[in-house]
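In numbering that gives the first Met the number 0, the protein residues as written are 0 to 471.
The C-beta atom is built at its ideal place from N, Cα and C for all residues, glycine as well.
A quick write-up on the structure given underneath.
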Amino acid sequence: MSDLTKLIPVIMCGGAGTRLWPVSRDSMPKQFISLFGGESTFQRVMRLLDNAVVFGRPIVITNAEYRFTVQDQLAQAGVDAEIVLEPARRDSAAAVAAAVELAALRDPDAIVGVFAADHVVQDGRRFVEICELAARVATEGRIVTIGIPPTGPATGYGYIRPGEDIGGGGRRVEAFVEKPDAARAAGYLLEGYLWNSGNFIFPARLMRQELQRLAPDVQQPVASAVAGAERDLSFLRLDGAAFGKARAISIDYAVMEQTDKAAVVVGDFGWSDVGGWGAVWELSNRDADGNAIQGRGYVLDGKDNLIHSGEGLVAVIGLDGVAVISTRDATLVVPRAQAAKVKDMVKLIARQGEAEAGQHREIQRPWGKYLSIDMGDRHQVKRITVKPGGILSLQKHYHRAEHWVVVRGTAEVTRNNEILVVHENESIYLPIGAVHRMANPGKIALELIEVQVGSYLGEDDIVRIEDIYRRV
């Protein structure tokens, strides 16, 4: 099978979900977090699509904030992909429109598959088979959605009412139905409805036609944004001015609920959108009492609990059916049955101005990461990790001095006109106003402790002079 006839997978991973707070936050959302062992859901999805017989080179659509995280996780998974940067969040219709234009540039007759980065598939082989089946249905002039056989009367999903059999394993979509109440959801199970997974497979040419017909205020600005796209390092950055004119709307509302070309195939491969802590409990290994424990957690006289400890020890006594989620800087305790309210809690916390609503204490950077360990009125202590080959920007500060103590590896430090090599158990002082930079020339990660002292310690007191990551 040639590249021009392969299914082109498009993975959308620009979202910043809060339903798995406090582990998932805007600064590091759930698709990039390891919830079930070694890999993130994004990496698991990319591995599923890394099948050269069925799929072409993937297109990953994300936003600039996550670009280096995407790049790093792809490298860790050993998967090659085109990374496309959205200049602004415009919901899924704009992302699909961009995917259509990019796929059509590769092959005007391309069949495109749009997949979410934060879903879990339990039977990978069956998933690939369903994608192939859906692609064959799509070649008959259909926009195919993958419908999931319900495992219960869920109220958190949209539903699909399948219609007549159109052959090849596909059925016409009679209707898309919004999230129901419990009684209506129970009725949908009896009537053979399917969950709407939000994964679509279609001919690029057909989806472009439907976007032009049904949502020209999305298709036309996005087509201009793709035409004006520019390379930024290894990324493709869509034109911001054009993209910003696109209407913010989901692909479901913009096209799927209006088109007469919609079809559905059944995705019986074990699917979850990991939509909350209840779903994490269901997907996790559990002990004889039904307790799922991640990290250092203990339960006494309790059952059916989810304990997630990112740091420190969590002990639970005499509770049933709760989720206790502990991170470095925030703890959530909620009955699993009420886990859907986490989103409302995050809104409440954000309204109070609490940074923990959206920010982790550990912040990812293209060169590595840093963790804020302690902060006072005039000091802050960070633990900094620099990847092999990583280079921080050449910069200076107007309000703070810094002390760096290397605890692992070797640092090459630029300080004004000097270049110094600092080894383990050595330190260096950077006075206020000094032009400085740090690099890791070694083969192992560089770790150091940074102590900042000054009248203002905000991240916006960084004046970048040069930066290999083009953040100047």
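Leaving out five residues on either side along the sequence, give the residues of the same chain with a beta carbon under 6 Å from the beta carbon of valine 333.
Taking the sequence shown and counting its residues from 1, one reaches residue 333 at position 334. Taken in chain order, the residues that qualify are Ala322.
Just verifying my parser: in three-state terms, what is the DSSP assignment at serine 426?
Here the question's residue 426 lines up with position 427 in the sequence shown. Strand, per DSSP.
Mark threonine 40 as exposed unless 16 or more other C-beta atoms lie within 10 angstroms of its C-beta, in which case mark it buried.
Position 41 of the sequence shown holds residue 40. Buried, by the Cβ-count rule.
Enumerated in chain order, which unbroken segments of the beta strand (DSSP E) with a length of 3 residues or greater are wholly contained in the segment 118 to 158?
142 to 147
Could you check which residue in Val404, Gln363 and Ile372 has the C-alpha nearest to that of glycine 389?
Indexing the sequence shown from 1 puts residue 389 at position 390. The candidate whose alpha carbon is nearest that of glycine 389 is Gln363.
Is DSSP giving aspartate 466 helix, strand or coil here?
Here residue 466 refers to the residue found at position 467 of the sequence shown. Looking at aspartate 466 - three-state DSSP - the assignment turns out to be coil, as it is neither helix nor strand.
Return helix, strand or coil for valine 172, following the three-state DSSP convention.
Indexing the sequence shown from 1 puts residue 172 at position 173. Residue state, collapsed to three classes: strand.
Counting C-beta neighbours from all protein chains within 10 Å, is the total for histidine 378 16 or more, i.e. buried, or is it exposed?
Position 379 of the sequence shown, counted from the start, is the residue given in the question as residue 378. Per the 10 Å Cβ criterion, exposed.
Excluding sequence positions up to five away, which residues of its chain have a Cβ less than 6 Å from the Cβ of alanine 222?
As a position in the sequence shown, residue 222 is number 223, starting the count at 1. Once the five neighbours on either side are set aside, the close Cβ partners of alanine 222 are Glu100.
Do you know whose CA, among Gly294, Gly169 and Ile248, lies nearest glycine 36's CA?
Start at 1 with the first residue of the sequence shown, and residue 36 comes out as number 37. Selected option, being the one with the closest Cα: Gly294.
At the level of alpha carbons, what is the spacing between proline 220 and threonine 17?
Start at 1 with the first residue of the sequence shown, and residue 220 comes out as number 221. Start at 1 with the first residue of the sequence shown, and residue 17 comes out as number 18. Distance between the alpha carbons of proline 220 and threonine 17: 29 Å.
Which residues in the same chain have their Cβ closer than 6 Å to the Cβ of aspartate 25, if we skip the five residues on either side of it in sequence?
By 1-based counting over the sequence shown, the position of residue 25 is 26. Taken in chain order, the residues that qualify are Ala15 and Gly357.
Same chain, Cβ closer than 7 Å to alanine 109, neighbours up to 5 away in sequence not counted:
In the sequence shown, counting from the first residue as 1, residue 109 sits at position 110. Cβ neighbours of alanine 109 beyond the five flanking positions: Ile7, Ala102, Ala103 and Ala203.
Quick one: grab the DSSP three-state call for arginine 183.
Start at 1 with the first residue of the sequence shown, and residue 183 comes out as number 184. Arginine 183: helix per DSSP, three-state reduction.
If we count the other Cβ atoms within 10 Å of its Cβ and call it buried at 16 or more, is lysine 381 buried or exposed?
The count along the sequence shown starts at 1 and reaches residue 381 at position 382. Result: buried.
Between the segment 141 to 154 and the segment 79 to 97, do at least 3 Cβ pairs fall closer than 8 Å?
The segment 141 to 154, when compared against the segment 79 to 97, does not touch it at the 8 Å Cβ threshold.
Just mark arginine 335 as buried or exposed, buried being the case when its beta carbon has 16 or more other beta carbons within 10 Å.
The count along the sequence shown starts at 1 and reaches residue 335 at position 336. Buried, because 16 or more other Cβ atoms sit within 10 Å of the Cβ of arginine 335.
Do leucine 213 and isoleucine 159 have their C-beta atoms closer together than 8 Å?
Here residue 213 corresponds to residue number 214 of the sequence shown, with the count starting at 1. Here residue 159 corresponds to residue number 160 of the sequence shown, with the count starting at 1. For the 8 Å CB-CB criterion, leucine 213 and isoleucine 159 do not form a contact.
Grouping DSSP H, G and I as helix and E and B as strand, with all else coil, what is serine 371?
Taking the first residue of the sequence shown as position 1, residue 371 is located at position 372. Of the three classes helix, strand and coil, the one that applies to serine 371 here is strand, per DSSP.
Near methionine 11, which residues of its chain fall below 7 Å by C-beta distance, leaving aside the five closest residues on each side in sequence?
By 1-based counting over the sequence shown, the position of residue 11 is 12. Contacts found: Ile60, Ser91, Ala94, Val113, Ala115 and Ala116.
If you follow the alpha helix (DSSP H) that leucine 104 is in, where does it begin and where does it stop?
Reading the sequence shown from its first residue, position 105 is the one you call residue 104. Residues 90 to 105.
Start-to-end residues for the beta strand (DSSP E) that takes in valine 333
As a working mapping, residue 333 is identified with position 334 in the sequence shown. 330 to 334 is the extent of the beta strand (DSSP E) around valine 333.
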